[in-house]
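Heads up: the sequence shown begins at 5 in this note's numbering, then just goes up one per residue. The beta carbon of each residue, even a glycine, is placed where N, CA and C say it ideally should be. Treat the numbers as computed from the prediction; the structure is a model and nothing was measured. One structure is given below, encoded as structure tokens.
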Amino acid sequence: MEDVAVDKTTLCPSARPESEDSVVFGIISGTVAEPRVTYLKQPLPITDELIAKVSPVTPAEIFRTASACATKDCQHFDGQDCRLAMRIVENLPPVAEELSPCSIRRDCRWWQQEGKAACMRCPQVITDNYKTSELMRQVAAPTAG
5 MEDVAVDKTT LCPSARPESE DSVVFGIISG TVAEPRVTYL KQPLPITDEL
55 IAKVSPVTPA EIFRTASACA TKDCQHFDGQ DCRLAMRIVE NLPPVAEELS
105 PCSIRRDCRW WQQEGKAACM RCPQVITDNY KTSELMRQVA APTAG
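Okay, structure coming up:
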């Protein structure tokens, strides 16, 4: 497996797979009712070949991806912090008892901003989840309080 050199930049752990320089850092596992992220030892680049392998589903249904935090260009960024990370910590229950091994943690905006509390909730965050709860929809909405 090829090592992917992720730039030393702050990464968004909920970036869309089509974002520039996105990498896969987790695979969605679990059940439809309780999906969970299984973290990869090393991030993998998003390639056309990888996208073709998951077709006809979207890459975001199968992968958790990260790319450089868009800061002011993101609907969740308030100029200083990621409001999505804040809402996740404030509203979602922890689903992990200990920190999972995560290949992007040291560069992750959620980790840098919210610490362990974000990591304990991260495995339940699925980018394209069509059976998501009302609570998860509220947390993900940029206008949520």
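| query | result |
| --- | --- |
| The segment 35-47 / the segment 75-83 touching (three or more Cβ pairs under 8 Å) | no |
| Same chain, Cβ closer than 7 Å to N95, five either side skipped, listed in chain order | L139 and V143 |
| Cβ shell of R87 (< 6 Å), same chain only, five flanking positions each side left out | H80 |
| Residue-level contact to chain D via CB, P17, 8 Å cutoff | Judged by its chain identifiers, the structure shown contains no chain D, having just a single protein chain. |
| Neighbourhood of E24 by C-beta, 8 Å cutoff - its chain only, sequence neighbours within 5 removed | S71 and A72 |
| Terminal residues of the beta strand (DSSP E) in which Q128 lies | Where Q128 is concerned, there is no enclosing beta strand (DSSP E), given that its DSSP letter is neither H nor E. |
| Per-residue burial, G119 [other beta carbons within 10 Å of its own, 16 or more giving buried] | exposed |
| N-terminal and C-terminal residue of the alpha helix (DSSP H) that D36 is part of | As written in the sequence, residue 36 is Val, which differs from the Asp given in the question. Run containing V36: none; DSSP gives neither H nor E here. |
| Neighbourhood of T13 by C-beta, 6 Å cutoff - its chain only, sequence neighbours within 5 removed | A72 |
| Nearest neighbour of I130, chosen from G30, E22, R113 and S26 [CA to CA] | G30 |
| Whole-angstrom distance between L15 and A64, CA atom to CA atom | 16 Å |
| Strand pairing of G83, partner residues [DSSP] | According to DSSP, G83 bridges with nothing at all. |
| Minimum C-alpha distance to A145 - residue among P98, A121, P97 and M90 | M90 |
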